[in-house]
Amino acid sequence: MGMENAVPGTLDYELILKEAGECSTEALISFLSEELPYLWRDAYARMTPRATEIVRMQRGFFEYIYDDYATLEASRAVPYSLDAEARLVGVPGPVRAEDRETR
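One rule links them: number in my numbering = place in the sequence shown (from 1) + 38.
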């Protein structure tokens with residue numbers, strides 16, 4: 039999918055929704071759940087100049103997608119750096135009705 043914007047690390051969410059097409063809410067959630075983690079990963083990789091170790095971890099209802107740079111350092115795939123650290127790439131998960139009411 040060519041849904042990246044001209045600005046590295048950003049996505050065109052309107053285009054992503056168009057790609058999903060006319061569908062039910064359940065089908066849209068399924069589409070976004072499948073596609074967004076990969077789109078976020080690719081956008082992140084385009085914007086960062088360093089090596090990455092993208093990890094997906096499930097915790098409760100949420101999936102955390104992050105760049106586990108320390109693993110690369112520990113395995114000596116990259117030199118240790120005081121400036122580099124793990125970064126959150128994305129957190130897909132359901133929004134519950136009670137969460138919406140508190141916003």
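The beta-carbon is built from N, C-alpha and C at its ideal position, and this holds for glycine as well.
Remember, predicted model here, so these are calculated numbers, not experimental data.
- Boundaries for residue 88: no alpha helix (DSSP H) harbours it, and the DSSP string shows neither H nor E there.
- Under the DSSP assignment, residue 104 falls in the beta strand (DSSP E) whose first and last residues are 100-105.
- In its chain, beyond the 5 residues on either side, 105 have a beta carbon closer than 6 Å to the beta carbon of residue 125.
- In the displayed model, residue 94 falls within a strand according to three-state DSSP.
- In the three-state reduction of the DSSP assignment, residue 114 falls in the coil class, being assigned neither a helical nor a strand state.
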